[in-house]
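Residue numbers (UniProt numbering): 1 to 962.
One structure below.
Shown next as structure tokens:
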């Protein structure tokens, strides 16, 4: 695909690697009997599981992901390429876009280990995942290890004994198209990221990143927030009546509610009739918009109205089960039902796959193998009976355009599905397996059937207006697949499929009496922010990116600070507004939704062999000549001329009345004209904007509040002892006081003088602290006295974790900050006379209770800990993020934080201690070995001397005889 390029070194024809693959990866049936076979997979967990299914002649080792990649920094570029103009990219754009590969620094030891194992092996099995990434890892392993033994490509979709043994018996060739497809994507993403990101560094803020899919995903979140900012709420009212048959039949007290739908034939306005500007949409001509006064007046006019049933419309109801899970639908449903983020879902699914519980979890497919269908149908019969089993197996057509992965849907592994209770799983792993199991079994069950009924009720109001109400109900007569599983909804207010709403048996013409007439007021809501589930759904519907990468994309935009979470909603930061502003204005094509989707199609055509990679990359990077002779700019042209980009303009957003929000290098802030009546040369007013303030909440009123807050430093007076001014400031770690040193005092170097600083007590603020209080704070630590027994000085101090006493290295907590200035020597000695409390202090009451965690069933609470507030279920603790408020955090957000923490696994032991023990052990072993070697040398030397001494006369005699 990349002619004339050598992996890692441009210049060698790419056909070399193809020929090598054909020679070494040809699956043969004459596998050597006996011998040692090295099997390489990606992860240690996967290696451990597979090892249990193979015989003693197999050694299973992990590559631990990719072993080499394009250089991530200039330091990783080999010395001989550092002078090349393309070296910073790691791609030789002038020589067929040849990539420069280097072994990752953290994988060198593992590569060395693999080479040693390979040297002792008779065959090599590359058993990485059967997708683009897995195929590329296998190819890189082959290129780096340079095996001289037969190489087999071993693939499987599930980790069971039968699947692994079948994979060993039926290897295949390396799929070069998958390798080329991954390589093309990697080169494209490198060019995009390494060329556009530096523009963001120069024009917005250092250390930012741009990406082919992450930038478009960020734009989606920002555009939704812009819609919320532009949104204007509208108020509308409607009526709900409670009706019963009149007269009421004996023994029948059934009532039902119906909503007003028309008045004199005019449809009553609902939320869908209003636009984002708060007005009725242009297509809503003739719709009746009721305000509160009109609604109440109409309700009063209907109090004594005689109503009747105008029509009863009954239709068959039928619902079919959803298809088995693929990657994106699993992420969406896990978010809805389990409160798990996309990243957490994929981490848990990875563990389930590696331990043999489910099939491969990165797939676009909704198909099930014959084995899986048989297993699912068997469980339907076993658990629900033959009445729930359709005559023929269900088949599901793929919905993903250009789906590339040749896997099944995500399902329980094996030819017999283990029920959740049989797995022995716990926590998130149990819950996610149960979700997958239920969905798979339900997909092979019969439809749910029943009747849906719509009743229209009418009557004339006292003022003569004709009013019509409607009520709808559903009666499910056969639940079918709903016995096993019902799909969730992104709208919390939406009714799920299995909800029944029964209506009493009424017939057309039946008289009805209104038992009550309720007036309801409503306000239209802005479009909902994206959640992880809905963003994944949106990306997939727009055909942007690959489903298998969505979890990492969302993780990236969260980690980069482009988006933060408020509950489960994804909220864009002002930084992301600036980034999207710049990209739309100057790289519009790169963040255009249709262009990005088309780019995905082009990459798929390259993978299919329908398009050549190099010409396509050349057009993308260098541009091309249009039919009219005009040059269509490429990426290189766009990043070359940056003079047109006004850094201040792309990072500025008007709020109103001259107030502008700007994104600076240290975060967002407001800038406003001086107060009316201020001096002509008065500086503009400024105020920092809290990082966790959602952009749609920055109204003009909120901006004025922020501007009214005292900012900067407040001078308190002069220290009479030093003559230095004392100021109060609000710093990154909280408010504090400090002295201002003269300009001639050295601030750096060995003679530098540091100003005294002290944090304010919790009872103080920069606006209210006095000079006297500040000087007391700056005098700390305070010497309380000297311990008569040890002669050590005792001081009272204020620290990160509160006030305390210190004597040498022994610290004791004080009860409050004011005690720092009042504690006496006798009181301090009394504190030290008490045994030091080594255990935990009395538990503080929780800040908030969140309910039971759906994953563990344990109660979850918010607590205030040593390092800040955190959520806990008694077993797992998860620190709240900066945008999580302990008082307003939702249960779903708390469950999500715990799920992410569990997904990471237990914290690793301190590496230093382990390393120290290993080093000590190595040193001890080295000393012993050295001692043995020394002793051996001495012994050998003695023996050699003795031999020489004995041999010398004979030699001399021989010499003389000659």
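Heads up, the beta-carbon is just placed ideally off N, CA and C, and yes, glycines get one too.
The structure presented is a predicted model; accordingly, all values stated were derived computationally and were not measured.
Count the other CB atoms, across all protein chains shown, that sit within 10 Å of the CB of residue i; report buried if there are 16 or more and exposed otherwise.
i           : result
residue 46  : buried
residue 783 : exposed
residue 568 : buried
residue 801 : exposed
residue 306 : exposed
residue 885 : exposed
residue 745 : exposed
residue 959 : Residue confidence for residue 959 is low, a pLDDT of 30 falling below 50, so the modelled location carries little weight; the figure read from the coordinates is stated next. So residue 959 ends up on the exposed side.
residue 169 : exposed
residue 852 : exposed
residue 92  : buried
residue 293 : exposed
residue 665 : exposed
residue 545 : buried
residue 868 : exposed
residue 673 : exposed
How long is the line joining the alpha carbons of residue i and residue j, rounded to whole angstroms?
i           : j           : result
residue 409 : residue 441 : 12 Å
residue 387 : residue 416 : 21 Å
residue 324 : residue 315 : 28 Å
residue 715 : residue 724 : 11 Å
residue 560 : residue 900 : 18 Å
residue 503 : residue 451 : 11 Å
residue 32  : residue 57  : Caution applies to residue 32, whose pLDDT of 43 falls short of 50 and renders its modelled position unreliable; the value that the coordinates give is listed next. Cα to Cα, residue 32 sits roughly 11 Å from residue 57.
residue 735 : residue 663 : 23 Å
residue 881 : residue 479 : 43 Å
residue 385 : residue 487 : 22 Å
residue 679 : residue 659 : 19 Å
residue 913 : residue 870 : Because residue 913 carries a pLDDT of 46, less than 50, the predicted location of this residue cannot be relied on, and the following value inherits that uncertainty. Residue 913 and residue 870: Cα-Cα distance of roughly 28 Å.
residue 434 : residue 335 : 14 Å
residue 550 : residue 533 : 10 Å
residue 340 : residue 610 : 39 Å
residue 356 : residue 422 : 13 Å
residue 128 : residue 41  : 5 Å
residue 90  : residue 182 : 16 Å
residue 767 : residue 700 : 24 Å
residue 524 : residue 279 : 10 Å
residue 542 : residue 593 : 7 Å
residue 814 : residue 803 : 5 Å
residue 785 : residue 737 : 26 Å
Of the choices the options, whose alpha-carbon is the least far from that of residue i?
i           : options            : result
residue 897 : 647, 261, 338      : 338
residue 277 : 304, 256, 261, 234 : 234
residue 810 : 170, 518, 792      : 792
residue 392 : 238, 156, 557, 370 : 370
residue 37  : 60, 50, 448, 44    : 60
residue 675 : 707, 106, 238, 645 : 707
residue 535 : 515, 519, 557, 521 : 557
residue 519 : 835, 239, 357      : 239
residue 264 : 63, 523, 459       : 459
residue 825 : 816, 817, 705, 806 : 806
residue 136 : 318, 121, 149, 173 : 173
residue 538 : 373, 332, 760, 184 : 332
residue 588 : 215, 846, 467, 860 : 215
residue 311 : 412, 751, 237, 509 : 509
Report the CB separation of residue i from residue j in whole angstroms; it is logged as a contact under 8 Å.
i           : j           : result
residue 309 : residue 290 : About 24 Å separates the two Cβ atoms, so there is no contact after all.
residue 301 : residue 507 : About 27 Å separates the two Cβ atoms, so there is no contact after all.
residue 780 : residue 726 : At roughly 14 Å, the Cβ-Cβ gap does not stay under 8 Å, so residue 780 and residue 726 are not in contact.
residue 481 : residue 445 : 4 Å
residue 287 : residue 273 : 5 Å
residue 969 : residue 71  : This structure does not reach residue 969, given that the chain is present from 1 up to 962, and the question cannot be answered.
residue 204 : residue 790 : The pair is not a contact, with the Cβ atoms about 57 Å apart (cut-off 8 Å).
residue 624 : residue 359 : No, residue 624 and residue 359 are not in contact; Cβ-Cβ is about 43 Å, not under 8 Å.
residue 208 : residue 200 : 4 Å
Which residue spans inside the stretch 734-769 form an unbroken beta strand (DSSP E) run of at least 3?
734-739, 757-759
Which full runs of the alpha helix (DSSP H) of 4+ residues lie inside the stretch 354-412, going along the chain?
370-384
Which runs of the alpha helix (DSSP H) fall wholly inside the stretch 259-313 and span at least 4 residues, in chain order?
292-301
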